[in-house]
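This report refers to the structure that appears directly beneath it.
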Amino acid sequence: MSAKITFFPVGNGDMTLITLIDDTNILIDVNIRTAADNPEDDACDVASELRKRIKTDDKGRPYVDVFVLSHPDKDHCTGLQNHFHLGKPNDYVDEPPEGEEKKIFVREIWSSPMVFRRASKNHTLTEDAKAFSTEAKRRVKQYKDNYGVGITDGDRILIIGEDEDQKSEGLEGILKKQGEIFYAINGTHSTAAWMRVLGPFSLQNEEDEKTLVKNHSSIIIQFHIAADASHQDACLFLTGGDAEVAIWNKLWAKYQYNLDNLKYDLLQIPHHCSWHVLSFDSRSQCDDPKVDADAISALSQANEGAFIISTSRAIKDDETDPPCYAAKQEYLKISKNFRCTGEYPNETTHEPMEFTIAVDGIQPPGKKKMSAGGAGIAIISEPHSHG
Ligand SMILES: [Zn+2]
0 MSAKITFFPV GNGDMTLITL IDDTNILIDV NIRTAADNPE DDACDVASEL
50 RKRIKTDDKG RPYVDVFVLS HPDKDHCTGL QNHFHLGKPN DYVDEPPEGE
100 EKKIFVREIW SSPMVFRRAS KNHTLTEDAK AFSTEAKRRV KQYKDNYGVG
150 ITDGDRILII GEDEDQKSEG LEGILKKQGE IFYAINGTHS TAAWMRVLGP
200 FSLQNEEDEK TLVKNHSSII IQFHIAADAS HQDACLFLTG GDAEVAIWNK
250 LWAKYQYNLD NLKYDLLQIP HHCSWHVLSF DSRSQCDDPK VDADAISALS
300 QANEGAFIIS TSRAIKDDET DPPCYAAKQE YLKISKNFRC TGEYPNETTH
350 EPMEFTIAVD GIQPPGKKKM SAGGAGIAII SEPHSHG
């Protein structure tokens, strides 16, 4: 089957599913709000939409191969406890209470080291974020207690980005540092995708922690996704949670002479199209707020025909931020192929936005149209090829 990337409409929040050619799926963040779970409410039922796109294992459990939490903010982990199994694999509930669905089993977690920090004045956590943190710690302990031997589905974890030296000790086998590339997905060398870690940068002291928290330091990954066995890098997907301007400025300093590290065919705009991804200036407190040229450069490494996605509410020409209208204008300078989950297919009805990765490039959600013969349905889309 074709590889796909699906952006779920979750307001100002992220929930993105990558499905690879070998059926492996990677879910980045969740934001399943009460309205989406309420059949009486017309918000898109994103939990059902997710379940339609994932498979069931031989024990009858719906599962994702990987759940990535970009950072532990509310709009990236809401609904985690309600919809996902957290805890030992053996404690999975096979027969959920009447009216409830089976929870989604998470084979492997990719976590930032930020969740191991205790909640502090810099860092407060919601119940879902706490539950994620508890689960990540359980898996790390399992790894350490067993010296990394015999870790199986439901216990696997990778730590993306390095914490203070002594805190990462003993975790070398599951640590992927900033700048590293890796091929392992759920314990197996993947031939369907590989990953480059761009963030978070390492965390060495409390000052770093403050800076990183303030800038919504997030897991940033450049995914290289295959369209088939002979088209390995058919889609470069760049996703970076809510990482803000200081982080992108730093990425430019590091990679300006090595642009391949920042290239993309599909960009998930950081922080729901917030102005603070592009500028150090406040729009409300500054007469003439300027964009940061370096951060913009880091985010401008679009391959020809690239798509740029704002995972946010509809973008209006007003003072709202995020999503910020002025920020959108900056992204439009990078690529005209701009999409917003809060405007798809229109501002009142929302559906998942699904991109297909074809050998000749990525294809946005197709417009359904009768084919010339009048028999069946043809998908008209806008493919792009690499220049
Ligand atoms: Zn966010």
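Residue 314 in numbering that gives the first Met the number 0 is what sits at position 315 of the sequence shown, and the numbering runs on without skipping anything.
Every residue gets a Cβ at the ideal spot worked out from N, C-alpha and C, and that includes glycine.
Per DSSP, the bridge partner or partners of residue i
{"i": "Ile17", "result": "Ile4 and Ile25"}
{"i": "Asn214", "result": "Answer is none; Asn214 lacks a bridge partner."}
{"i": "His82", "result": "The partner list for His82 (beta bridge, DSSP) is empty, contrary to what the question assumes."}
{"i": "Gly59", "result": "In the DSSP output, where bridge partners are listed per residue, Gly59 has none listed."}
{"i": "His75", "result": "For His75, which the question treats as bridged, DSSP gives no partner whatsoever."}
{"i": "Ala301", "result": "Tyr263"}
{"i": "His349", "result": "Pro344"}
{"i": "Gln362", "result": "Thr355"}
{"i": "Val92", "result": "None; Val92 has no bridge partner."}
{"i": "Asn30", "result": "Thr77"}
Within 9 Å, strictly: CB atoms of residue i and residue j
{"i": "Ile268", "j": "Ile308", "result": "yes"}
{"i": "Ile103", "j": "Leu19", "result": "no"}
{"i": "Ala226", "j": "Ile356", "result": "yes"}
{"i": "Ile173", "j": "Val196", "result": "no"}
{"i": "Phe279", "j": "Ala228", "result": "no"}
{"i": "Gly160", "j": "Lys175", "result": "yes"}
{"i": "Ile53", "j": "Val63", "result": "yes"}
{"i": "Phe306", "j": "Ser334", "result": "yes"}
{"i": "Ala34", "j": "Asp40", "result": "yes"}
{"i": "Thr348", "j": "Val9", "result": "no"}
{"i": "Thr125", "j": "Thr77", "result": "yes"}
{"i": "Asp36", "j": "Gln80", "result": "no"}
{"i": "Gly341", "j": "Ala313", "result": "yes"}
{"i": "His82", "j": "Ile17", "result": "no"}
{"i": "Leu298", "j": "Leu258", "result": "no"}
Among the options, nearest to residue i - alpha-carbon criterion
{"i": "Glu318", "options": "Glu171, Asp93, Trp274 and Ile361", "result": "Trp274"}
{"i": "His70", "options": "Met113, Leu16, Ser283 and Leu79", "result": "Met113"}
{"i": "Tyr91", "options": "Arg106, Gly78 and Gly98", "result": "Arg106"}
{"i": "Leu277", "options": "Lys315, Lys327 and Cys234", "result": "Lys327"}
{"i": "Phe222", "options": "Lys213, Leu265, Trp251 and Ser216", "result": "Leu265"}
{"i": "Asp21", "options": "Met0, Ile31 and Met14", "result": "Met0"}
{"i": "Asn11", "options": "Glu346, Asp74, Ile17 and Ile25", "result": "Asp74"}
{"i": "Phe6", "options": "Thr347, Arg338 and Gly360", "result": "Arg338"}
{"i": "Tyr256", "options": "Gly360, Asp293, Gln362 and His230", "result": "Asp293"}
{"i": "Lys101", "options": "Lys136, Gly86 and Pro61", "result": "Pro61"}
{"i": "Gly239", "options": "Phe200, Asn185 and Glu99", "result": "Phe200"}
Could you please go through the chain and list the residues whose beta-carbon is closer than 5 Å to any non-hydrogen atom of ligand 1? Any residue whose Cβ sits closer than 5 Å to a heavy atom of ligand 1 makes the list: Asp74 and Asp241.
Entirely within the segment 259-296 and at least 3 residues each: give me those beta strand (DSSP E) ranges in chain order. Fully enclosed beta strand (DSSP E) runs of 3 or longer: 263-267.
Threshold first: 4 residues or longer. Then list the alpha helix (DSSP H) segments lying entirely within the segment 108-180, N to C. Counting only runs of 4 or more, we get 126-144 and 164-167.
Alpha helix (DSSP H) segments (min. 4 residues) lying fully within the segment 177-248: Within the segment 177-248, the complete alpha helix (DSSP H) runs of at least 4 residues are 205-213.
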